[in-house]
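Q:
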Amino acid sequence: MTPPLTAPSGKVAAKLPLRVALVEDQRDTRESWRRLISSFPDFACVCACATAEEALQTLPGTKPDVILMDIFLPRMSGIECTSRLKAVLPKTPIVMLTASDEDEMVFLALKSGANGYLLKRTKPAEMRAALLDVMSGGAPMTSEIARQVIESFHAKATGRSESVSLTAREEETLVMLTKGYSNKEIADRQSVSIETVRTHLKNIYEKMHVRSRTEAVANYMSGCKE
Amino acid sequence: MKWPAVYFTIGLLGRSCSLPALAQSEPSGTVTNQPASQDLAGKLDPTWGVGSWIWAAETYDKQTVHLWRSFEIPQGTTVAKANLRITVDNAYKLFLDGRQLGMGSDWRSLTEYDISQILDAGRHVLAVDAFNDNREAGLLFGLIIELSDGRVITISSDSNWRIVPNEERGWELKQEALKNWVSATVVSEFLPRPNSKIKAREFDRKPTMIVKVPVLRPVVVRFWQNGWFQISLLGVAVGAVLTCLHLLARLVLQAKAQALLNRERARIARDIHDEVGARLTELALEGEVMQTELSADSDLRPKLDALCEKARAVSGAMDEVVWAVNSQRDTLRDFATYACKYARRFVAATPIRCRLDVADNLPDAVFELPVRRSLLLAVKEAINNAVKYSAADRLFLRIHVQGRVVLVVVEDNGKGFDLEQADPLRNGLSNMKQRMRELGGRCRILTEPGAGCRVEFEVPWSKTSRPPAATSARAGGSAGSGNGSAGDSPALSEAKEAAN
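If you read the sequences in order, they're chains X and S.
Take 1 as the starting number for the first sequence in the numbering used here and just add one per residue.
Take 227 as the starting number for the second sequence in the numbering used here and just add one per residue.
(1) What residues from chain S crowd round ARG128/X, counting only those whose CB sits closer than 9 Å?
(2) Flag this pair as touching only if the segment 93 to 103 of chain X and the segment 114 to 129 of chain X have three or more C-beta atom pairs under 8 Å; answer yes or no.
(3) Please confirm if THR260/X has its CB atom under 8 Å from at least one CB of chain S.
(4) Pull out every residue of the segment 180 to 191 of chain X whose Cβ sits closer than 9 Å to any Cβ of chain C, in chain order.
(5) Show which residues of chain S have a CB atom less than 8 Å away from the CB atom of ALA48/X.
(6) What residue range is occupied by the uninterrupted alpha helix (DSSP H) comprising PHE739/S?
(7) Look at the alpha carbon of ASP355/S and the alpha carbon of GLN343/S, and state the distance between them as a whole number of angstroms.
(8) If we call anything under 8 Å between Cβ atoms a contact, is LEU166/X one with ILE204/X?
(9) Taking the C-alpha atoms as reference points, what is the distance between PRO230/S and ASN392/S?
(10) Could you spell out where the beta strand (DSSP E) holding SER32/X opens and where it closes?
(11) Taking 8 Å as the cut-off, decide whether the C-beta atoms of PRO60/X and LEU18/X are in contact.
(12) How big is the Cα-Cα spacing for THR673/S and GLU646/S?
(13) Please confirm whether ALA510/S has its beta-carbon closer than 8 Å to some beta-carbon of chain X.
(14) Per DSSP, GLY364/S forms a beta bridge with which residues?
(15) What's the call for GLN401/S, buried or exposed, on a 16-neighbour Cβ count within 10 Å?
(16) Mind checking which residues open and close the beta strand (DSSP E) that includes PHE357/S?
(17) Taking three-plus beta-carbon pairs below 8 Å as touching, is the segment 597 to 605 of chain S in contact with the segment 653 to 664 of chain S?
(18) Count the other CB atoms, across all protein chains shown, that sit within 10 Å of the CB of PRO64/X; report buried if there are 16 or more and exposed otherwise.
(19) Give a yes or no on whether the minimum CB-CB distance between ALA575/S and chain X is below 8 Å.
(20) Which residue or residues does DSSP assign as beta-bridge partners of GLU372/S?
(21) At what residues does the alpha helix (DSSP H) containing ASP525/S begin and finish?
(22) Where does ASP315/S land, buried or exposed, given buried means 16+ other C-beta within 10 angstroms?
(23) Quick check on the DSSP output: what are the complete alpha helix (DSSP H) runs of length 4 or more inside the segment 619 to 689 of chain S, in order along the chain?
(24) Go ahead and label CYS81/X buried or exposed: buried means 16 or more other beta carbons lie within 10 angstroms of its beta carbon, across all protein chains shown.
(25) Output, in chain order, the set of chain S residues within a Cβ distance shorter than 8 Å of GLU144/X.
(26) Taking a contact to mean a Cβ-Cβ separation below 8 Å, would you say PRO93/X touches MET135/X in this structure?
(27) Could you list which residues in chain X have their beta carbon closer than 8 Å to that of LEU582/S, in chain order?
(28) When DSSP labels each residue in this structure, what does ALA495/S get in the three-state scheme?
(29) Quick one, are the C-beta atoms of ASP375/S and THR303/S less than 8 Å apart?
(30) Just the Cα atoms here: how many angstroms apart are SER77/X and ALA52/X?
(31) Between MET141/X and LEU201/X, what straight-line distance do the alpha-carbon atoms span, to the nearest angstrom?
(32) Go ahead and pull the three-state DSSP assignment for ILE71/X.
(33) Would you kindly work out how many angstroms separate the C-alpha atoms of LEU509/S and GLU24/X, rounded to a whole number?
(34) Taking only runs that begin and end inside the segment 94 to 164 of chain X, name each unbroken beta strand (DSSP E) of 3 or more residues, in chain order.
(35) Rounding to the nearest angstrom, what Cα-Cα distance links LYS405/S and GLY453/S in this structure?
(36) Would you mind telling me which residues of chain X sit closer than 8 Å to ARG538/S, beta carbon to beta carbon, in chain order?
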């Protein structure tokens with residue numbers, strides 16, 4: 001068993017302080033976030049970008065441990081930026097920041113490679129816990145998002161993306177999530193460790209990214225043919 | 227009404243023909259007192275029952291001549307028999323009282339019309355629209371009317387007919403001749419005697435046969451053939467079309483207004499979110515930052531913390547307002563998503579575990595603001611009650627569609643209560659019921675001590691549910707009729723099952 005999500009685990013502590021990058025267009029908000037993150041013990045805000053373009057220029061060189069990304073950015077959106085950053089920094093977790101949890105936008109962000117999302121009004125302590133969870137390989141998923149993931153995998157696939165499909169276990173995990181079960185409860189029901197459930201979820205995220213990438217390629221190719 | 231095409235029954239006229247005929251010497255258009263029997267056979271032998279050939283004073287090719295005369299059938303008598311024979315060199319249309327009886331274009335045959343059934347006492351008007359193709363022209367006409375009292379009226383083609391100027395309109399209906407209607411000219415006696423010499427103007431024409439047309443029946447004017455009726459009908463039809471157009475126009479306007487309203491709602495939602503919700507979030511964030519900069523034992527810390535907490539709470543509440551106002555959330559699916567999210571969050575802070583049971587095939591139906599908002603408030607009330615009083619460890623939120631009804635169930639496996647003893651006001655039970663009634667739906671509470679509690683909300687939905695009042699009235703009725711006999715036991719047992 002991994003330690004509780006709210007406490008920093010041993011393996012994370014080894015890399016302390018966590019180097020956090022921030023992409024947020026509002027100057028005041030960006031400054032507040034920067035100061036708040038810096039105030040967390042073991043956290044350091046190493047970079048605060050105002051636009052997606054700036055982030056794409058700076059972050060590959062900075063190589064932060066985790067990126068906090070506003071969904072709505074002027075010009076290039078946070079979702080597009082996430083997708084591009086993932087191509088350069090595939091291992092770096094990206095957490096979306098959103099003012100309201102509109103599932104459609106959040107789902108799009110997750111599809112394009114984000115590893116989780118946080119409401120901007122989340123309490124600092126919870127936020128810190130969530131960041132640590134993502135760092136330790138957590139892939140949080142709500143029942144609403146799980147429902148959309150199932151639907152997207154059931155929808156008719158385009159291009160070669162049908163080669164990416166969910167295993168029976170993964171689908172079962174998602175279905176249980178839609179019914180409101182927690183990771184712990186799912187682990188109990190499936191008689192596996194909670195770590196296994198987390199691995200399932202991580203794989204689901206990964207498949208979703210692959211799928212959305214192949215779909216994007218397929219769309220691009222079909223666009224070229226026309 | 228048009229008379230049907232002429233059906234001729236053709237019979238060659240022989241000398242033995244026993245038709246009642248007009249004695250040539252008699253003045254035409256007079257009433258004779260001879261008994262009908264005296265007009266029979268023998269006397270008619272040489273006659274064809276017609277008068278002389280008459281025409282306008284001048285004759286020329288391609289000539290149209292309007293011939294007119296009127297006659298009277300004495301009041302108090304009825305017509306026993308009336309036969310009319312006519313032919314024109316070259317063609318004619320025959321009118322009686324304005325009604326066209328028939329037409330013909332072959333002078334070699336006389337046409338006989340039996341008009342017994344369409345003549346009655348009073349004044350009548352005969353009119354012949356005649357046409358001459360070339361050379362000689364003439365109308366040959368004879369009408370014998372036998373009255374029920376034995377008298378006979380005869381009308382022949384003679385100089386009593388009038389020639390109507392061609393430009394006269396409605397002449398075939400005129401009861402009296404006008405001054406400029408000159409008398410017809412007898413152009414030739416009918417059938418000049420074989421021994422008499424044919425004068426220059428006379429011509430030796432005689433028809434060789436008589437063609438009988440079927441008996442003419444009175445024109446029955448049905449009420450729908452009545453002019454006033456048709457005008458009124460037309461009026462009604464035009465009125466209906468105008469009303470339809472008017473309603474259609476209003477509908478289009480209403481749809482436009484609705485679209486405008488929806489756009490406006492989306493804008494308001496966005497504005498509230500951006501201007502209020504987001505600012506509150508920033509406020510909370512700034513508060514948090516200020517806290518970090520205070521010393522750990524500062525008095526201000528808890529105060530600031532409370533302030534941030536409040537800002538976050540208001541920001542959360544604002545999200546719900548945004549959700550309710552936003553027209554893009556006017557669907558059943560959005561409602562389900564939001565209700566589940568709410569239930570999960572609300573229960574997260576309690577030891578109760580929340581189970582969601584949402585139908586996969588929820589239709590993408592319009593779920594209007596007043597409906598989803600009231601339903602959400604009712605569901606919140608139910609969840610709140612369950613968390614507060616039930617002492618349950620499981621809470622179920624089920625959302626399904628049954629026909630035209632959305633069924634939302636909030637169910638717990640807690641201690642339940644005695645519905646009779648419960649204070650409806652305190653538990654918000656009457657509140658929930660009232661909300662559902664306003665939507666045209668209903669609320670059922672199934673519980674008993676120790677058996678958990680199941681609150682069912684039923685709300686009508688429809689794909690075209692733009693005016694909620696109309697749909698709720700309809701579906702409300704069907705819901706009411708459907709549940710009376712159902713009883714509570716199945717639902718209750720299900721609740722118990724779920725509780726286990």
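Ideal Cβ positions, reconstructed from N, Cα and C, are used throughout, including at glycine.
A: By the coordinates alone:
(1) Mapped onto the first sequence, residue 128/X falls at position 128. Going along chain S, no residue has its Cβ under 9 Å from ARG128/X, so there is no contact; the nearest lies around 11 Å.
(2) yes
(3) With chain X covering 1 to 226 only, the question about residue 260/X has no answer from this structure.
(4) Checking the listed chains, one finds no chain C in this structure; the protein chains it contains are X and S.
(5) In the first sequence, residue 48/X corresponds to position 48, counting from 1. Within chain S, no residue comes near ALA48/X; the closest Cβ sits about 14 Å away, beyond 8 Å.
(6) Since the first residue of chain S shown is 227 and the last is 726, residue 739/S is not available in this structure.
(7) Mapped onto the second sequence, residue 355/S falls at position 129. Mapped onto the second sequence, residue 343/S falls at position 117. Answer to the nearest angstrom: the Cα atoms are 23 Å apart.
(8) Here the question's residue 166/X lines up with position 166 in the first sequence. Here the question's residue 204/X lines up with position 204 in the first sequence. Closer than 8 Å, so yes.
(9) As a first step, residue 230/S is located in the second sequence; it is residue number 4 there, counting from the start. As a first step, residue 392/S is located in the second sequence; it is residue number 166 there, counting from the start. With a pLDDT of 43 at PRO230/S, under the threshold of 50, the modelled position of that residue is not reliable, and no figure is offered here.
(10) Position 32 of the first sequence, counted from the start, is the residue given in the question as residue 32/X. Counting along the chain, SER32/X falls outside any beta strand (DSSP E), though it belongs to the alpha helix (DSSP H) covering 27 to 39.
(11) As a first step, residue 60/X is located in the first sequence; it is residue number 60 there, counting from the start. As a first step, residue 18/X is located in the first sequence; it is residue number 18 there, counting from the start. It is not a contact, given that the beta carbons lie outside the stated cut-off.
(12) Here the question's residue 673/S lines up with position 447 in the second sequence. Here the question's residue 646/S lines up with position 420 in the second sequence. THR673/S and GLU646/S: Cα-Cα distance of roughly 10 Å.
(13) Locating residue 510/S in the second sequence gives position 284, where the first residue counts as 1. Yes, its Cβ sits closer than 8 Å to a Cβ of chain X.
(14) By one-based count along the second sequence, residue 364/S stands at place 138. For GLY364/S, which the question treats as bridged, DSSP gives the partners ASP315/S.
(15) In the second sequence, residue 401/S corresponds to position 175, counting from 1. It is exposed - the Cβ of GLN401/S has fewer than 16 other Cβ atoms within 10 Å.
(16) Here the question's residue 357/S lines up with position 131 in the second sequence. PHE357/S -> beta strand (DSSP E) spans 348 to 358.
(17) yes
(18) In the first sequence, counting from the first residue as 1, residue 64/X sits at position 64. Classification of PRO64/X: buried, given that the 10 Å Cβ count is 16 or more.
(19) Locating residue 575/S in the second sequence gives position 349, where the first residue counts as 1. Not an interface residue.
(20) By one-based count along the second sequence, residue 372/S stands at place 146. Paired residue(s): LYS307/S, VAL378/S.
(21) By one-based count along the second sequence, residue 525/S stands at place 299. Unbroken run through ASP525/S: none, as it is neither H nor E.
(22) Working through the second sequence from its first residue, we reach residue 315/S at position 89. So ASP315/S ends up on the buried side.
(23) 655 to 664
(24) The residue given as residue 81/X occupies position 81 in the first sequence. By the neighbour-count rule (16 or more Cβ atoms within 10 Å), CYS81/X is buried.
(25) Locating residue 144/X in the first sequence gives position 144, where the first residue counts as 1. In chain order: THR563, CYS566, LYS567.
(26) If you number the first sequence from 1, residue 93/X lands on position 93. If you number the first sequence from 1, residue 135/X lands on position 135. Cβ distance < 8 Å, so PRO93/X and MET135/X count as in contact.
(27) Your numbering for residue 582/S matches position 356 in the second sequence. Chain X residues near LEU582/S: SER143, THR178, LYS179, GLY180.
(28) Mapped onto the second sequence, residue 495/S falls at position 269. Correct three-state label for ALA495/S: helix.
(29) In the second sequence, the residue the question calls residue 375/S occupies position 149. In the second sequence, the residue the question calls residue 303/S occupies position 77. Taking 8 Å as the Cβ cut-off, ASP375/S and THR303/S qualify as a contacting pair.
(30) On the first sequence, residue 77/X is found 77 positions in, with the first residue counted as 1. On the first sequence, residue 52/X is found 52 positions in, with the first residue counted as 1. One C-alpha to the other measures close to 7 Å.
(31) Looking up residue 141/X in the first sequence gives position 141. Looking up residue 201/X in the first sequence gives position 201. So the two alpha carbons sit approximately 8 Å from each other.
(32) Residue mapping note: residue 71/X aligns to position 71 of the first sequence, counting from 1. The answer is coil: DSSP assigns ILE71/X none of H, G, I, E or B.
(33) As a working note, residue 509/S is residue 283 in the second sequence. As a working note, residue 24/X is residue 24 in the first sequence. Straight-line Cα distance between these residues: approximately 16 Å.
(34) 94 to 98, 116 to 119
(35) Here residue 405/S refers to the residue found at position 179 when the second sequence is read from its first residue. Here residue 453/S refers to the residue found at position 227 when the second sequence is read from its first residue. Whole-angstrom Cα-Cα distance: 32 Å.
(36) Sequence index remark: in the second sequence, residue 538/S carries index 312 (1-based). Those within 8 Å of ARG538/S in chain X are ARG121, LYS123.
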